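Presented below is the structure to which this report refers.
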Amino acid sequence: MDQTTARRAFACTGETGADSLQDLRSLVRCEQQTRWTRFGFSPEWSFKLAPIAVEGENASKYLVTFFSKEEKPQRTVFLKQYHHPQIDGAAVGNEFRGIQIAERAFQSTERFRVPQPYSCRPDEKILFMEYCPSVSLKQALFRPLRLSRFFISSRHRERLLEQMAESGRLLSHFQRIPIKDRPKGEAETAEGIVLRYEKQLLRHLRICRRAGFPETLIQRIQRAVFGRLESQSSFPPIVLQHSDFAPWNLMVGERYLYLTDFQNFTTGFSAYDAAFFYSALDLLFRYRTVGRALLSRMQTVFLETCSKEGEAGSVQGGMEREQAFPLFEVFRLMHMTYFAQSIFCSPPGPFYQSVYADSFRRFLIDWFHQHLEN
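Structure below.
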């Protein structure tokens, strides 16, 4: 089956019914025979396609396991098909290019990797890549952290700090990729990047307003962020920006630490990704059983490591963070509005709203008040 025939056969909606799975099998066979031989795939291998349940609702995900004539497993491919209406073919192509760029850059490191990209089909919003057995850093962190206020072994404590250092080094390495390896399209100026950040904040604040955030608080956030961005006399150097650099997009494998999900790959300022990871850890302060001193130490280790891999010295205070990562505190405010709108944009039901969303809203409102005062 050629690619045109396969594309016509795949006039599906992203559902996982029998017809849809058959169409996916046709596409996999087409890719295997026409594009994957250079990666060591044999056109004669058989395969099995199985959906998998993973965190996240923007895409359907599958494992494709290939077998030799003797029915021995050979390779496994991870297939991701987006079905969210706001994710188009251009976004899928951009994600694939981000994976390609990072994959080339990380090959020179001993510890860091991305899944090897095999191919993508933007029209069908599908990515094919290497399957890397691993667990999310989010999961690896939360298990020892969840009761750390009361007890945590020295081994687990050291491992947590080691994982923070590794995450910081990975981000530092990613941000040192030459800017010539930018996403496709015209190069953005610093002023254009700031305008994109401002539009992004406004979208998130609109959702926060609908979710019941106080109007006075929303206005304070907007004034604080816009005032700081627009008062800058100069801007930091432009680097590659992952845009979703968080524990849930770092995967811990047996040999490697993987960076995944390049859907929003673009260019920006280094503080953006650093503040995203830091703010994701801020969310854990809402759990009363988490040790606050340990969590704060983890945030500090991450920043000290990713700031030119420790050359900047201490970054424990707000002034030190701003010196190492200009606009860091502004991005923290922005990212917390992002987390807020992510939680409240599509509440799944009354039980969720009463048990989870309401308490999370109170935590976020208190967080904003505290940091705006500071």
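Everything in the sequence shown is counted per our numbering, starting at -2 for the first residue and increasing by one. In this text, a Cβ means the ideal position worked out from N, Cα and C, and glycines have one as well. Only a predicted model underlies this, so the values are computations on that prediction, with no experimental measurement involved.
Please report how far the alpha carbon of residue 153 lies from the alpha carbon of residue 289, in whole angstroms. 15 angstroms
To which residues of the same chain is residue 236 closer than 6 angstroms at the C-beta, ignoring the five residues directly before and after it? 172 and 267
With DSSP as the reference, label residue 70 as helix, strand or coil. strand
Once you ignore the five residues that flank residue 135 on each side, which residues in its own chain have a CB closer than 6 angstroms to its CB? 244 and 245
In the DSSP assignment, what are the bridge partners of residue 76? 59 and 125
Looking at residue 104 and residue 127, is the spacing between their C-beta atoms short of 8 angstroms? no
I'd like to know whether the C-beta atoms of residue 94 and residue 38 end up nearer to each other than 8 angstroms. no
Determine the contact status of residue 26 and residue 253, defining contact as a CB-CB distance below 8 angstroms. no
Distance CB(residue 206)-CB(residue 215) smaller than 8 angstroms: yes
Report, in whole angstroms, the separation of the C-beta atoms of residue 360 and residue 285, which I expect to be a contact under 8 angstroms. Actually they are not in contact, since the Cβ atoms of residue 360 and residue 285 sit about 11 angstroms apart, beyond 8 angstroms.
Could you tell me whether the Cβ atoms of residue 157 and residue 242 are closer together than 8 angstroms? no
How many whole angstroms separate the CB atoms of residue 21 and residue 59, which I take to be in contact at a CB cut-off of 8 angstroms? 7 angstroms
Taking the straight line between their C-alpha atoms, what separation do you get for residue 365 and residue 43? 54 angstroms
CA-to-CA distance, residue 204 to residue 369, given in whole angstroms: 20 angstroms
Is it the case that the Cβ atoms of residue 193 and residue 287 are separated by a distance below 8 angstroms? no
Under a Cβ-count criterion, where at least 16 other Cβ atoms within 10 Å of its own Cβ denotes burial, should residue 132 be classed as buried or exposed? exposed
Alpha helix (DSSP H) segment containing residue 369, residue limits: 355 to 370
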